[in-house]
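Chains as they are written, first to last, in the numbering used here: chain C, 1 to 299; chain S, 1001 to 1295.
Backbone N, C-alpha and C fix where the C-beta goes; we use that ideal spot for every residue, glycine too.
A quick note: this is a predicted structure, and the numbers were derived from the prediction, not measured.
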């Protein structure tokens, strides 16, 4: 930023130090992930003493990934995670947009009251036990809906969308009205197309939120077959329940999965769970960064 | 009146699913929380017992242990996690090449988007006493390996460091946005006066982001009793449990494992009320000090 022409040697040393510190931060952030990736792709015969510092596979073998991706628990986990996340995102975006549209109309009677009632939910959360009893009373225990419907409409994202809708030029809405559009038509044909960037942002917010959700799935879904990937991962990696992945038959004999190093399997499992986030990471960066920056500036 | 109904009903109709959701998912649980004042019986109805559950709770030593753990962990996070993103933002701002800065940012933002299950998995591997990176460096330097995950003396630091790993990069974004909003003329004026890099940081950049720092600090104080449940529940094990058992994990265990519904709800309600008060107070303090609130 400063004039770049005349820099003293001291300033150059300072600059090198600043850049090195940041690069060290990058190493601290990425090394643990790259290490797990390298471990999961290494030759199974060489994994035993694989260094925690290395980021290059020792030999190469896709065995761990193949075995995991063919494993019924992992496949079911992926399937459950994908459909539950997709459903949550659709419900979330649509429900939030509809509600935000109403709340963004200046003259709406009761607007202020509704706003306050929404804000209260941000500040006051009665806790997991009342929530558990609500699920029980509604018969949602051990159904995916106890997980999907949580934060179906997030108060935070609702407020973001309200702000966005409020900035749509009045003239456009009035023009639609003059053309004889009713509020529904205005919403679907004028407002939604205009809001595409905001809706995409909200969709990504919901996507990350729901893909990473594990707590509710963990406490509400007893049935293993209903578990999303995060809970499968937790059972195997955090709880150290080898049977969850290796299988009861394989624990004691030398067949199939049991031959693979358990450490490499865990590493592969972690990476499979991250993969979708990595796949959309460029999009995440674009939308989240812009959203957070402008949000911070407006204050 | 009739005119009004005709004008506004379509909007209420569109809002109906959302309103219904908020009512059921957020307001019914508030009503359910009355359980904290009841004696929960297997066969309803429950009996109203007033403050008795709270008296039992406040008389139990475990609750004070849990409360102390929560305060210690939150205090450590404020002290050691909070300043890091500020320093990261200051460093990033000094980088002249936009490409380099962008590359660093894309790398350090990543962990913010990973779940605590994943992060716990990563840290368990990273801190493994036999082949984790940290212990390998440690033994290479001639130190004894430490099992950080099962050591009551280190597990709280694992919480602190993993929180830094997850959030320091992303949180720096807010401060960076505040730095970019500083009037460039201030830097030019400082340069005219012969200020060097550190003087510019000290006299222009930091004063420029103080309002942001204050707002975020106050907000963090507001969340003081919420030492992340998702983090702790994934890092907890039989050995370290006593040191990082927080109110949230206590509520979870008492309620869903032990079946002490009323006590667990009372503890949860205690946390919710204190938490709400702290958030509201911090919001108004922030508004008074900086003119900026949270909403």
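Out of the options, point me to the one whose CA is closest to residue i's CA.
i, options, result
"residue 1025 of chain S", "C/138, C/166, C/208 and C/206", "C/138"
"residue 56 of chain C", "C/68, C/63, C/46 and C/42", "C/42"
"residue 147 of chain C", "C/222, C/103, C/65 and C/106", "C/222"
"residue 183 of chain C", "C/224, C/121, C/128 and C/105", "C/105"
"residue 1222 of chain S", "S/1274, S/1195 and S/1167", "S/1274"
"residue 1208 of chain S", "S/1175, S/1287, S/1266 and S/1005", "S/1175"
"residue 1133 of chain S", "C/275, C/125, C/276 and C/33", "C/33"
"residue 1140 of chain S", "S/1076, S/1183 and S/1130", "S/1130"
"residue 1165 of chain S", "C/199, C/29 and C/109", "C/29"
"residue 1277 of chain S", "S/1105, S/1224, S/1235 and S/1104", "S/1224"
"residue 1090 of chain S", "C/160, C/86, C/98 and C/21", "C/21"
"residue 1260 of chain S", "C/132, C/205, C/204 and C/68", "C/132"
"residue 285 of chain C", "S/1104, S/1007, S/1137 and S/1052", "S/1104"
"residue 1167 of chain S", "S/1153, S/1182 and S/1112", "S/1112"
"residue 201 of chain C", "C/98, C/49, C/290 and C/178", "C/290"
"residue 1005 of chain S", "C/143, C/50, C/107 and C/198", "C/107"
"residue 1123 of chain S", "C/52, C/66, C/24 and C/241", "C/52"
"residue 1088 of chain S", "S/1023, S/1022, S/1205 and S/1172", "S/1172"
"residue 204 of chain C", "C/25, C/126 and C/85", "C/85"
Quick one: which chain C residues come within Cβ less than 7 Å of residue i?
i, result
"residue 1006 of chain S", "Residues of chain C passing the Cβ test: none, with the nearest at roughly 11 Å."
"residue 1026 of chain S", "121"
"residue 1280 of chain S", "123"
"residue 1011 of chain S", "102, 105, 108 and 183"
"residue 1089 of chain S", "Correct list: empty, because the minimum Cβ distance to chain C is about 11 Å."
Under 8 Å between beta-carbons, which chain S residues line up against residue i? List them in chain order, please.
i, result
"residue 141 of chain C", "By Cβ distance, chain S contributes nothing, its closest Cβ being about 11 Å from residue 141 of chain C, past 8 Å."
"residue 267 of chain C", "1125"
"residue 206 of chain C", "Near residue 206 of chain C there are no residues of chain S at all, since even the closest Cβ is about 13 Å away, more than 8 Å."
"residue 319 of chain C", "No answer is possible for residue 319 of chain C: it lies beyond the span of chain C, which begins at 1 and ends at 299."
"residue 103 of chain C", "1015"
"residue 92 of chain C", "Those do not exist, as residue 92 of chain C stays about 10 Å from chain S at its closest Cβ, beyond 8 Å."
"residue 194 of chain C", "Ordered by position in chain S, no residue passes the 8 Å Cβ test against residue 194 of chain C, which lies about 16 Å from the chain."
"residue 95 of chain C", "1017, 1018 and 1021"
Residues of chain C with a CB under 8 Å from the CB of residue i: which are they?
i, result
"residue 1030 of chain S", "124, 126 and 130"
"residue 1092 of chain S", "22"
"residue 1136 of chain S", "51, 52 and 53"
"residue 1208 of chain S", "Here the premise fails: no neighbours, minimum Cβ distance about 13 Å."
Who are the neighbours of residue i on chain S, taking C-beta pairs under 9 Å?
i, result
"residue 31 of chain C", "1126 and 1133"
"residue 87 of chain C", "Near residue 87 of chain C there are no residues of chain S at all, since even the closest Cβ is about 14 Å away, more than 9 Å."
"residue 177 of chain C", "Within 9 Å Cβ-Cβ: nothing; residue 177 of chain C doesn't reach chain S, min ~11 Å."
"residue 25 of chain C", "1088, 1091, 1104, 1107, 1108, 1168 and 1169"
Residues of chain S with CB under 7 Å from residue i, in chain order?
i, result
"residue 291 of chain C", "None at all; the shortest Cβ gap to chain S is about 10 Å."
"residue 118 of chain C", "1022"
"residue 272 of chain C", "The contacting residues do not exist; residue 272 of chain C stays about 10 Å from chain S at best."
"residue 35 of chain C", "1133"
"residue 98 of chain C", "1014, 1015, 1017 and 1018"
What residues of chain C sit near residue i, judged by a beta carbon separation below 9 Å?
i, result
"residue 1080 of chain S", "Per Cβ cutoff of 9 Å: no residues; residue 1080 of chain S is ~15 Å from chain C at best."
"residue 1165 of chain S", "28, 29 and 32"
"residue 1142 of chain S", "Going along chain C, no residue has its Cβ under 9 Å from residue 1142 of chain S, so there is no contact; the nearest lies around 16 Å."
"residue 1214 of chain S", "Those within 9 Å of residue 1214 of chain S in chain C number zero; the least Cβ separation is about 12 Å."
Exercise for the section: Answer yes if the segment 174-194 of chain C comes into contact with the segment 1205-1224 of chain S, meaning at least three C-beta pairs across the two stretches below 8 Å, and no otherwise. Expected result: no
Practice task
Check whether the segment 218-231 of chain C touches the segment 64-77 of chain C, counting contact only when three or more Cβ pairs, one atom from each stretch, lie closer than 8 Å.
Solution key: yes
Problem - Uninterrupted alpha helix (DSSP H) stretches inside the segment 1047-1134 of chain S (no shorter than 4 residues) - result: 1052-1059, 1061-1080, 1083-1094, 1098-1109 and 1116-1126
Problem - Contact between the segment 1042-1055 of chain S and the segment 208-220 of chain C (3+ Cβ pairs under 8 Å) - result: no
Exercise for the section: Would you check if there are 3 or more beta carbon pairs closer than 8 Å linking the segment 1006-1017 of chain S to the segment 1243-1254 of chain S? Expected result: no
Handout entry: Residues of the segment 147-171 of chain C with Cβ closer than 9 Å to any Cβ of chain S, in chain order
Key = 149, 150, 151, 152, 153, 155, 158 and 159
Practice task
Spell out a yes or no on whether the segment 1112-1121 of chain S and the segment 1018-1038 of chain S are touching, meaning 3 or more CB-CB pairs, one atom from each, closer than 8 Å.
Solution key: no
Handout entry: Complete runs of the alpha helix (DSSP H) confined to the segment 1128-1172 of chain S [at least 4 residues]
Key = 1133-1140
Practice task
Give the residues from the segment 210-239 of chain C that approach chain S closer than 7 Å (Cβ to any Cβ), ordered along the chain.
Solution key: 212, 214, 215, 219, 230, 233, 234, 237 and 238
Practice task
Note down, in chain order, all residues in the segment 43-61 of chain C with a beta-carbon under 8 Å from any beta-carbon belonging to chain S.
Solution key: 49, 50, 51, 52 and 53
Exercise for the section: Decide yes or no for the touch test of the segment 1080-1088 of chain S against the segment 1160-1168 of chain S: beta carbon pairs closer than 8 Å, at least 3 of them. Expected result: yes
Problem - Residues of the segment 63-81 of chain C whose Cβ lies closer than 9 Å to any Cβ of chain S, in chain order - result: none
Handout entry: Members of the segment 1179-1197 of chain S that neighbour chain C once the beta carbon cut-off is set at 9 Å
Key = 1180, 1181, 1184, 1187, 1191, 1196 and 1197
Practice task
Report the residue ranges of all alpha helix (DSSP H) runs contained in full by the segment 1169-1237 of chain S; include only those spanning at least 4 residues, in chain order.
Solution key: 1184-1192, 1197-1200, 1206-1222 and 1229-1235
Practice task
With 9 Å as the C-beta to C-beta threshold (strictly closer), list the residues of the segment 1250-1276 of chain S near chain C in chain order.
Solution key: 1251, 1252, 1254, 1255, 1256, 1261, 1262, 1264, 1265, 1267, 1268, 1269, 1271, 1272, 1273, 1275 and 1276
Handout entry: Segment contact flag, the segment 232-245 of chain C with the segment 265-272 of chain C, C-beta cutoff 8 Å, min 3 pairs
Key = yes
Handout entry: Cβ-based contacts, 7 Å cut-off: residues of the segment 1101-1119 of chain S near chain C
Key = 1104, 1106, 1107, 1108, 1109, 1110, 1111, 1113, 1114, 1115, 1117 and 1118
Exercise for the section: With 7 Å as the C-beta to C-beta threshold (strictly closer), list the residues of the segment 1033-1047 of chain S near chain C in chain order. Expected result: 1033 and 1035
Handout entry: Residues within the segment 1218-1240 of chain S neighbouring chain C, beta-carbon criterion of under 8 Å
Key = 1229, 1230, 1233 and 1234
Exercise for the section: Examine the Cβ distances between the segment 48-67 of chain C and the segment 77-87 of chain C and report whether three or more of them are shorter than 8 Å. Expected result: no
Exercise for the section: Could you tell me whether the segment 152-160 of chain C touches the segment 109-123 of chain C, where touching means 3 or more Cβ pairs closer than 8 Å? Expected result: yes
Practice task
Report yes or no: do three or more beta-carbon pairs, one from the segment 1189-1205 of chain S and one from the segment 1252-1270 of chain S, lie closer than 8 Å?
Solution key: no
Handout entry: Inter-stretch contact at 8 Å, needing at least 3 Cβ pairs: the segment 1053-1065 of chain S / the segment 1226-1233 of chain S
Key = no
Handout entry: Continuous alpha helix (DSSP H) assignments of at least 4 residues falling wholly in the segment 167-212 of chain C
Key = 170-178, 183-186 and 196-211
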